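This report refers to the structure that appears directly beneath it.
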């Protein structure tokens, strides 16, 4: 029985692994992006000519965007993304997982994993990030969302939230690459 000074099980503050749930986003992202960093240059050099030949209707602008991933821009963009994901994870930690910024980043991280799987299916082979997607990205996202749900702080899933998560991931990636291009131009590279 609960006394007047004891919180009930329903109102008790969440005592679960909030640091693992929130700061874990940065750790899971780092593992995933380490795979991308380790494999991107070889993928672009080795697979791009074959993919261009197989998909002649893809606009040249899209191929140029993929080519840029094989140069110095990609590591700089990954560093910029680290700042964004780190800020989201820290905000999640600060708010006990309640932060809309953190939850959008978590949703975007998980949904972007589905994009990796679709890319691998479309190219009929390995694409950077596809190995850690089923091993790290998707399991971490499902686990973290479950813990947030258990804590009563997870915003309900909806098509609007899914769109917001994908928009977050897309905007963060686009912004990171734009920042990387600007930084490289400023450095004369």
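Numbering (the numbering used here), first residue to last: 4 to 192. Idealized CB from N, CA, C, for every residue including glycine. All values derive from a computational prediction rather than experimental measurement.
1) Just tell me which of 140, 94, 131 has its CA closest to the CA of residue 31.
2) Tell me the DSSP secondary structure of residue 22 in three-state form.
3) By Cβ distance, which residues of its chain are closer than 7 Å to residue 100, with the 5 residues on each side in sequence left out?
4) Residue 58 by DSSP, collapsed to three states: which one?
5) Give the secondary structure of residue 160 by DSSP, where H, G and I count as helix, E and B as strand, and everything else as coil.
6) Do the CB positions of residue 114 and residue 168 come within less than 8 Å of each other?
7) Could you tell me the alpha carbon to alpha carbon distance between residue 60 and residue 125, rounded to whole angstroms?
8) Are three or more beta carbon pairs between the stretch 104-121 and the stretch 132-148 nearer than 8 Å?
9) Assess contact between the stretch 79-86 and the stretch 102-109, defined as three or more Cβ pairs (one per stretch) separated by less than 8 Å. Is contact present?
10) Measure the CB-CB distance between residue 176 and residue 84 and report whether it falls below 8 Å.
11) So for residue 131, helix, strand or coil by DSSP?
12) Measure how close the beta-carbons of residue 108 and residue 182 come, nearest whole angstrom, since I'm counting them as under 8 Å.
13) Distance, Cα to Cα, residue 137 vs residue 185?
14) Identify every run of the alpha helix (DSSP H) within the stretch 37-83, keeping only runs that are complete inside it and at least 4 residues long; order them along the chain.
15) Once DSSP output is grouped into helix, strand and coil, what is the label at residue 152?
16) As a quick exercise: from 191, 187, 171, pick the residue whose alpha carbon is nearest that of residue 87.
On the basis of the data shown:
1) Working through the chain shown from its first residue, we reach residue 31 at position 28. Measuring C-alpha to C-alpha distances from residue 31 to each of 140, 94, 131 identifies 140 as the nearest.
2) Taking the chain shown and counting its residues from 1, the one referred to as residue 22 is at position 19. In the three-state reduction of the DSSP assignment, residue 22 falls in the helix class.
3) As a working note, residue 100 is residue 97 in the chain shown. In the same chain as residue 100, and ignoring 5 residues on each side of it, the C-beta atoms closer than 7 Å to its own belong to 21, 24, 25, 151, 154, 156, in chain order.
4) Here residue 58 is taken as the residue at index 55 of the chain shown, counted from 1. Coil.
5) One-based indexing of the chain shown puts residue 160 at position 157. Three-state DSSP puts residue 160 in coil, outside helix and strand.
6) For the purposes of this step, residue 114 is taken as residue 111 along the chain shown, with counting starting at 1. For the purposes of this step, residue 168 is taken as residue 165 along the chain shown, with counting starting at 1. Yes, they are a contact pair.
7) As a position in the chain shown, residue 60 is number 57, starting the count at 1. As a position in the chain shown, residue 125 is number 122, starting the count at 1. Approximately 14 Å between the Cα atoms of the pair.
8) By the Cβ test, the stretch 104-121 is in contact with the stretch 132-148, since at least three Cβ pairs between them sit closer than 8 Å.
9) Below 8 Å, too few C-beta pairs join the stretch 79-86 and the stretch 102-109 to call them touching: fewer than three.
10) Here residue 176 is taken as the residue at index 173 of the chain shown, counted from 1. Here residue 84 is taken as the residue at index 81 of the chain shown, counted from 1. Contact flag set, yes.
11) Taking the first residue of the chain shown as 1, we reach residue 131 at position 128. In the structure shown, residue 131 sits in coil (DSSP, three-state: anything other than H, G, I, E or B).
12) To locate residue 108, count along the chain shown from 1; it is residue 105. To locate residue 182, count along the chain shown from 1; it is residue 179. Between residue 108 and residue 182 a beta carbon distance of about 17 Å is seen, past the 8 Å cut, so the two are scored as non-contacting.
13) Indexing the chain shown from 1 puts residue 137 at position 134. Indexing the chain shown from 1 puts residue 185 at position 182. Going from the Cα of residue 137 to the Cα of residue 185 covers about 33 Å.
14) 63-71, all fully within the stretch 37-83.
15) Within the chain shown, numbered from 1, the residue matching residue 152 stands at position 149. Looking at residue 152 - three-state DSSP - the assignment turns out to be helix.
16) By one-based count along the chain shown, residue 87 stands at place 84. The shortest CA-to-CA distance from residue 87 to any of 191, 187, 171 is the one to 171.
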